[in-house]
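These notes are about the structure you will find just below.
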Amino acid sequence: MRSIFLDLSSALRFFARRRAATAVIVLTMAFAIAANTVVFSVLKSFLFSSLAVPEADRVMFVWTVREIEGRGGVNFFDALVNVEHLRETNRFAESMGATLGVDFNWQRDDGSTQRLQGTVAQADFFKVMRVQPVIGRLFTAEDEGPNPANVALISSLLWRTEFNGSPDVLGRTLRLNGKVQTIIGVLPDGFALPVGTNVWLPLDMPEPMWTAIIGGRQLSNYARLAPGVTESMARDELRAFAPLALEANPDNKNWTWTVQPVREAILNGADRTILFVQVGAAVLMLLAISNLASLLMAWAAERQRETALRLALGASSWRLVRQFLVQSVLLVAIGGALGVGLAGVSLPLLQHLNPSPALARFLTGIDLDTGTLAFATALMLGTGLVAGLLPALHARKTCHADALRAESRGTSLSREGLRWQKAMIVVQGAVAVLILVGAGLAALGFSRLNEIRLGFESRDRVVFQIQFPEPAYATPEKRAQFVRELEANLAREPAIREHAFSATFPVGDIQWGGGFTVQRANGEFDVEPSVLHFRRVSPGYIPLMGTPLIEGRLLNESDKADTPHVAVISQTAARKYWPGESAIGRKMRRSGAKDAPLVEVVGVVGDVRDAGAGLPPGETVYMPWEQLSLRRGWVLLRGDNTAELFAAGRRALAATAPDVAPFNAATVDELVWQAAALPRLQIVLLGVFAVIAISITALGSYGVMSQLVSNRQREMAIRAALGATRGDVLRLVLRQNAQLAAAGAGIGIVAAWMAARSAQSALTAFPADTVWPYAAVVAFVILLTQIASYIPARRAAAQDVPKVLAGG
701 MRSIFLDLSS
711 ALRFFARRRA
721 ATAVIVLTMA
731 FAIAANTVVF
741 SVLKSFLFSS
751 LAVPEADRVM
761 FVWTVREIEG
771 RGGVNFFDAL
781 VNVEHLRETN
791 RFAESMGATL
801 GVDFNWQRDD
811 GSTQRLQGTV
821 AQADFFKVMR
831 VQPVIGRLFT
841 AEDEGPNPAN
851 VALISSLLWR
861 TEFNGSPDVL
871 GRTLRLNGKV
881 QTIIGVLPDG
891 FALPVGTNVW
901 LPLDMPEPMW
911 TAIIGGRQLS
921 NYARLAPGVT
931 ESMARDELRA
941 FAPLALEANP
951 DNKNWTWTVQ
961 PVREAILNGA
971 DRTILFVQVG
981 AAVLMLLAIS
991 NLASLLMAWA
1001 AERQRETALR
1011 LALGASSWRL
1021 VRQFLVQSVL
1031 LVAIGGALGV
1041 GLAGVSLPLL
1051 QHLNPSPALA
1061 RFLTGIDLDT
1071 GTLAFATALM
1081 LGTGLVAGLL
1091 PALHARKTCH
1101 ADALRAESRG
1111 TSLSREGLRW
1121 QKAMIVVQGA
1131 VAVLILVGAG
1141 LAALGFSRLN
1151 EIRLGFESRD
1161 RVVFQIQFPE
1171 PAYATPEKRA
1181 QFVRELEANL
1191 AREPAIREHA
1201 FSATFPVGDI
1211 QWGGGFTVQR
1221 ANGEFDVEPS
1231 VLHFRRVSPG
1241 YIPLMGTPLI
1251 EGRLLNESDK
1261 ADTPHVAVIS
1271 QTAARKYWPG
1281 ESAIGRKMRR
1291 SGAKDAPLVE
1301 VVGVVGDVRD
1311 AGAGLPPGET
1321 VYMPWEQLSL
1331 RRGWVLLRGD
1341 NTAELFAAGR
1351 RALAATAPDV
1361 APFNAATVDE
1371 LVWQAAALPR
1381 LQIVLLGVFA
1391 VIAISITALG
1401 SYGVMSQLVS
1411 NRQREMAIRA
1421 ALGATRGDVL
1431 RLVLRQNAQL
1441 AAAGAGIGIV
1451 AAWMAARSAQ
1461 SALTAFPADT
1471 VWPYAAVVAF
1481 VILLTQIASY
1491 IPARRAAAQD
1501 VPKVLAGG
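FYI, the numbering for the sequence shown is 701 to 1508, going by this note's numbering.
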């Protein structure tokens, strides 16, 4: 212990004599460890969050899949008849249960109305999750609909915030969508599946959904794998289920089934992005390690004579190795402590990315917990040992003859030491290029996504959702009357210039699909239905969204429930189904609906990218809301002041129906922003890494070149004495540094290209084959290293030759 203390004291004294170099390496370590700690904290939350579900990695989301032109396989929810058929025939799941998202209007005792995000769920859903109530009981199969029991489960969050965590909450009631529900249980803290749920009711659905497949694919189906069953085995069994489902119902033609871990389904690719970013952070750590190892090698070279003398006097090689390792670990520990502090400051800033609710659930849980601190500690220890090992082994092999030979060559570095110093410059250049190319390509891809027009305008527009309470608005006629009254009240608000209503919305809404059979030019209807983006809208919707009319007319006030059914379609749909011809007057029919009326196309409008900027526009059908309504919808408002728009919308809604609460209120700009949350998180983290990489490369180049110049003082002095001018010495140093940086950049380009090709399929709009970022990064890194090495080069050129030679 005493010898370790002596090593620590010796290291601190050594650092005090080399304050500038020590500060450089401490900052380098701080930046690298902060970056790795932040990314690890995010990754840990994404990959290892339990979701308050035991063995969450065994819980699967069961998707139905349909191939859609231009998008490949697209995941959909499922219909109850398929869920029940799969439950009865499968062997891969020990339990299976379905849910349907419902937003509740909670009429409070004080007369106000508040929105609660809710779910109607099968009793077996809680078996899948293996969740037990804190107090009370769960649902039973007898509680489920049709005509379900009027009972409810609430989240622990709602219990604490609205009922003060009181155990007498059992038996109390909630008026939800006009119905009184009795609270029978409280679910455990942290459980909120589906994401954000505050209240669960027994499964109930609109009457057609109990038996329909087309139009009924709205249920989220969850399964827990049976013991010994893997995800791959479940997928194999589901492939065999597809023909059974088709045999049971022809509406299942062209549909397949698959499973996905529920965490992956919620994150929707975020975990892959963060894994990629973690690789970037690890590469950044490699850059920092190379800088530290290079500095320690230079310091070891300075102490060659001291090391040789100590070995000659009988010091053990282990004693020398330990001293260098202590020095390395101590430097990393100081930088690491600063880095952890920087990480603690940085983590809360991620909340300002305004992500989607699913991502927000994970981001709100990140902090410097025990696991993250343990990772940071292990990273510091490992980095210190790895970085210190090279100079330690070099010192162990040092002998007196080596020191004399190095002195005779005019340099304090041995040939091996000089090679390692130069190798570190190459490594720094390669790693810097790798990180900067990755960040540059990601930023380029993101900027291209932002340049793609989504097909609608978002500025000066706000939206909020409503859920129609039943039985007051159980029929389409009553819902249509509600919308007419709401729009009349909206028209009275001076802050609102335009208003509209829609069942679905292009961003922030996952409900979009509808099946249609199309009448071709020859008069024949397609045998197979097409899955299209289906939007039920009021007449003002398309003009408010700024989607241009291309042909025909828009929907108008004369399109009522009792008039012939009409539709406006997107340009992509018109070109696909009636290429080279006018789509006006063509007919379509909703598939799956008994005696569904013909729908006449009366207009063609511009395309909207419902699936996001990274995918081609889909085929969209707009039909009048009054002819085909849903139990929920979006209110859209346009005006000059968003705050006034929200207030005006709430007033108009309260005047129309005090028992209906608005929810998910947001500007359309915010929804577009949230839709890009995942690539933006990727860009932010990689951008930060790029800045850190630039800083580390500049600091590292300066530090390494300073040490090289210092260790080659006699060589430079001899060159000057033999006639070399200061300009010759300056150019020599800069040229040698440029050659090393160029070699590193070349290696980095190859590595960056290989990494970019691998990442292209996993990351949004990652343009791996775009050449100019590679060239720009190479030029920038070489220029950066030249600038960083200029001061040491000038110092070498301006040294006092007689003094250096005399001192030698």
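Ideal Cβ placement from N, Cα and C applies to all residues, glycine included.
Following the DSSP letters along the chain, one finds Ile1269 inside the beta strand (DSSP E) bounded by residues 1266–1270.
For Thr958, the beta-bridge partners assigned by DSSP are Trp763. By a beta-carbon distance limit of 8 Å, Gly1155 does not contact Asp1295. Their separation comes to about 33 Å. Counting along the chain, Met1245 sits inside the alpha helix (DSSP H) bounded by residues 1241–1245.
Beta-bridge partners assigned by DSSP to Ser1230: Phe1216. Excluding the 5 residues flanking it on each side, Phe1389 has same chain C-beta neighbours closer than 7 Å at Ala735, Gly980, Ala981, Leu984, Ile1135, Ala1139, in chain order.
Out of Val1321, Ile1242, Arg1494, the CA that lies nearest to the CA of Tyr1277 is found in Val1321. Across the structure, Pro833 and Val783 are spaced so that their CA atoms are roughly 25 Å apart. Assigned with DSSP and collapsed to three states, Met905 falls in coil, not helix or strand. Where Asp936 is concerned, there is no enclosing beta strand (DSSP E), although the alpha helix (DSSP H) around it starts and stops at 931–948.
According to the DSSP assignment, Trp1334 belongs to the beta strand (DSSP E) that extends over 1332–1338.
Note that the C-beta distance between Val765 and Thr1070 is not below 8 Å. Straight-line spacing of the CA atoms in Ala1274 and Lys827 works out to 47 Å. When Ala1475, Ala730, Gly885, Thr1367 are compared, the shortest CA-CA separation from Val1162 is found for Thr1367.
In the DSSP assignment, Thr861 falls outside any beta strand (DSSP E) and lies within the alpha helix (DSSP H) extending over 856–863. Counting along the chain, Thr819 sits inside the beta strand (DSSP E) bounded by residues 813–821.
Secondary structure of Phe891 (DSSP, three-state): coil.
Pairing Thr958 with Val1477, the inter-Cα distance amounts to about 42 Å.
Straight through space, the alpha carbons of Arg1153 and Pro1171 are spaced by roughly 41 Å.
Between Gly818 and Thr897, the C-beta gap is smaller than 8 Å, which places the two residues in contact.
Counting along the chain, the unbroken beta strand (DSSP E) around Lys1287 starts and ends at 1287–1290. Close CB contacts of Met909 within its chain, under the 6 Å cut and outside five residues either way in sequence, are with Gly916 (chain order). With respect to the 8 Å criterion, Pro1239 and Asn1256 are classified as neighbours on the basis of their beta carbons. Counted as a single uninterrupted DSSP element, the beta strand (DSSP E) harbouring Ala798 occupies residues 793–807. Under the Cβ criterion (8 Å, minimum of three pairs), the region 878–885 does not count as touching the region 1247–1263. By the neighbour-count criterion, in which 16 or more other beta carbons inside 10 Å mark a residue as buried, Gln1271 falls on the buried side. Under DSSP, Phe1164 forms a beta bridge with Val1335. Rounded to whole angstroms, Val1302 and Thr1175 show a C-alpha spacing of 27 Å.
Sequence-distant partners of Val820 (beyond 5 residues in either direction) whose C-beta falls short of 6 Å from its own C-beta, in its chain, are Leu800, Val802, Leu901, Leu903, Asp904.
DSSP, reduced to helix, strand and coil, places Phe1201 within a strand of the structure shown.
In this structure, the straight-line span from the alpha carbon of Arg1331 to that of Ser1202 is close to 11 Å.
Residue pairing from DSSP leaves Leu992 without any beta-bridge partner.
The three-state reading of DSSP puts Lys1260 in coil, since its state is none of H, G, I, E or B.
Proximity to Asn921 across Val759, Phe1225, Tyr1402, Val1032 peaks at Val759, based on C-alpha coordinates. From the listed residues Arg1236, Leu1144, Val1304, the smallest Cα separation to Arg1290 is found for Arg1236.
Taking 8 Å as the cut-off, the Cβ atoms of Gly1036 and Ala1076 count as close.
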